[in-house]
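Throughout the sequence shown, residue numbering follows mature numbering (1 follows the signal peptide of the UniProt record, and there is no 0), covering -25 to -1, 1 to 478 in sequence.
C-beta: ideal position from N, C-alpha, C; glycine also.
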Amino acid sequence: MQQIKLWVAAMATASFFIGAGVSNAQTSPSESAFPVPSATPSSLLVQGLPDFSALVESAGPSVVNIRTMARLRAGSPGPGNMTPEMQEFFEFFFNSPMPGPSPRSSRPGQEGDDYVLRPSGVGSGFIISADGYIMTNAHVVSGADEIIVTLSNRREYRATVVGADKRTDVAVVKIDGVNQLPVVRVGNPDMLKVGEWVVAIGSPFGLENTVTAGIVSAKQRDTGEYVNFIQTDVAINPGNSGGPLINLRGEVVGINSQIYSRSGGFMGISFSIPIDEAMYVAQQLRGHGYVERGRIGVQITPTSSEVTQAIGLGEDAYGALVNIVSEASPAEKAGIQAGDIITEVNGQRVERFSDLPRMIGNLKPGEQAQLKVFRRGEWKTMTVIVEAIPAETATSRTQQTPARPAPAATSVNKLGISVTDLSDVHKRELQLKSGVVVRSVNPAAARAGLREGDVILAIGKTDIRDVKHFNDMVEKLDASQNAVLLVRRGNGVQYVLIRPSGR
């Protein structure tokens, strides 16, 4: 079965094209199968068909081609070792064996250490300051030993990497000896509307200054990355990476970064990084070469409409469920607990759980974050002092698996499970004050998501003290409604919905 994958759109190898044939046959107007419209371009625009020529004239000079070179030992296989057919392809289109300088010795005069620079990739970028700062994707310049930037006037410059942020896939490079370069106009991606026309300019397959157009398909698309993307149907191919996504006002609203494809080629789904996020990163990269981000020390999971409705938060599945609170973290110091649902940061609603890391990450270490938290039916406001993300994050607590509980006098209840009290050892290991351990589960309870060894912390809004308290609570459950259990598994917590069904 073919697997669909996200592909970055930087070109690493050459590709071949098959051009459409041109016919010499001509047809008179009376013989034309389709009548030729007499409408002028201006009347076509009135009908809603956009003309991108003025936009391209305005924004095009700010778009650059980026080629990267890798230092390889002479004779080693690499992207520069092409077949004669591939060489012919590049000679035809570029009048050179391959975009960029020919392979050359990187250390002349040193015997026995013969290295050459070979082409390793092609991407795009755009000018963000008149003195030579250029924005592109981090993956475009990753691992490059030499970077060559070609401006729209065909002038070439060697560039240096100012900084690259892998988390957002944003990089800034700099060319020297310039001071009056054309700079892009930056727009507001929040103003984009689904269905709005947008344009991409870049170097797909090394074909510089290629213009493609399409519409915004979705905003805030969550693909599991750090940022939420702008999704479009603009044709983006290898080599477009790092190029601008432009609205009809000629403003850059995104950086073209990824495509959704079975084969690595364009299939109608493209993703761009919102320009406001990219400019925030670029500002820090230009300032000190890296991005400083905040953290509060929680691991989170998404909520669901079934859970939020069952616990009284409403039908909207918003917020981030706190799964783990790191020991001695800002969150723990502020009183955040596993099982809390964080719904706002500094008054801004957490629409998706994946929004929380970015919202906290955009705060500087030492700043305060006002968190609105929903905990078992009650609203709480907590102030957390953000700390810097360490270079290497290690888990401070070792995952503990509770020892198998000793048999206790508990029978299977209406939830299809039997439980036993937490031992003193469990309480110390898991740092819990109360709860019950699941001893056995029937098939229905297993399908609901319960496992042997889980620790049930609460039913609904009520914390569980011991087995007797748990059984009393279960007996009062309404068989027509789902019971909401807050469950500890390993170091994390989650909500489990289960329908009481009798013994």
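Residue i (DSSP reduced to helix, strand or coil)
| i | result |
| --- | --- |
| residue 181 | helix |
| residue 411 | strand |
| residue 296 | strand |
| residue 466 | coil |
| residue 458 | strand |
| residue 139 | strand |
| residue 30 | helix |
| residue 355 | strand |
| residue 472 | strand |
| residue 128 | coil |
| residue 339 | coil |
| residue 227 | strand |
| residue 390 | coil |
| residue 284 | helix |
| residue 121 | strand |
| residue 219 | strand |
| residue 152 | coil |
| residue 158 | coil |
| residue 328 | coil |
Per-residue burial, residue i [other beta carbons within 10 Å of its own, 16 or more giving buried]
| i | result |
| --- | --- |
| residue 226 | buried |
| residue 43 | buried |
| residue 183 | buried |
| residue 456 | exposed |
| residue 265 | exposed |
| residue 110 | buried |
| residue 134 | buried |
| residue 39 | buried |
| residue 463 | buried |
| residue 206 | buried |
| residue 96 | buried |
| residue 270 | buried |
Among the options, the one whose alpha carbon lies nearest that of residue i
| i | options | result |
| --- | --- | --- |
| residue 141 | 124, 253, 245 | 253 |
| residue 247 | 258, 122, 234, 256 | 234 |
| residue 364 | 305, 290, 163 | 305 |
| residue 152 | 105, 418, 193, 176 | 105 |
| residue 139 | 323, 258, 280, 160 | 258 |
| residue 150 | 160, 137, 143, 274 | 137 |
| residue 31 | 321, 447, 188 | 188 |
| residue 434 | 185, 280, 446, 130 | 446 |
| residue 465 | 158, 48, 402, 170 | 402 |
| residue 411 | 421, 417, 448 | 448 |
| residue 347 | 400, 146, 360, 317 | 317 |
| residue 221 | 213, 209, 214 | 209 |
| residue 251 | 388, 165, 349 | 165 |
| residue 420 | 458, 212, 154 | 458 |
| residue 185 | 343, 34, 307 | 34 |
| residue 511 | 175, 48, 171 | Residue coverage of the chain in this structure runs from -25 to 478, which leaves residue 511 outside it and unanswerable. |
CA-to-CA distance, residue j to residue i, given in whole angstroms
| i | j | result |
| --- | --- | --- |
| residue 438 | residue 337 | 35 Å |
| residue 297 | residue 113 | 31 Å |
| residue 431 | residue 355 | 23 Å |
| residue 263 | residue 340 | 15 Å |
| residue 436 | residue 352 | 6 Å |
| residue 292 | residue 469 | 15 Å |
| residue 294 | residue 268 | 21 Å |
| residue 124 | residue 323 | 40 Å |
| residue 476 | residue 425 | 15 Å |
| residue 163 | residue 391 | 54 Å |
| residue 100 | residue 272 | 35 Å |
| residue 132 | residue 46 | 18 Å |
| residue 444 | residue 202 | 44 Å |
| residue 146 | residue 261 | 10 Å |
| residue 487 | residue 275 | The shown model of the chain, from -25 to 478, leaves out residue 487, and the question about it has no answer. |
| residue 28 | residue 303 | 58 Å |
| residue 404 | residue 37 | 59 Å |
| residue 196 | residue 143 | 14 Å |
| residue 119 | residue 343 | 39 Å |
Rounded Cβ spacing between residue i and residue j (contact assumed at less than 8 Å)
| i | j | result |
| --- | --- | --- |
| residue 472 | residue 314 | That belief does not hold up - the Cβ atoms of residue 472 and residue 314 are roughly 14 Å apart, past 8 Å. |
| residue 312 | residue 300 | 7 Å |
| residue 177 | residue 231 | 6 Å |
| residue 479 | residue 191 | What the structure shows of the chain is the stretch from -25 to 478, and residue 479 is not part of that stretch, so it cannot be assessed. |
C-beta neighbour in chain C for residue i, strict 8 Å
| i | result |
| --- | --- |
| residue 26 | No chain C is present in this structure, which holds just one protein chain. |
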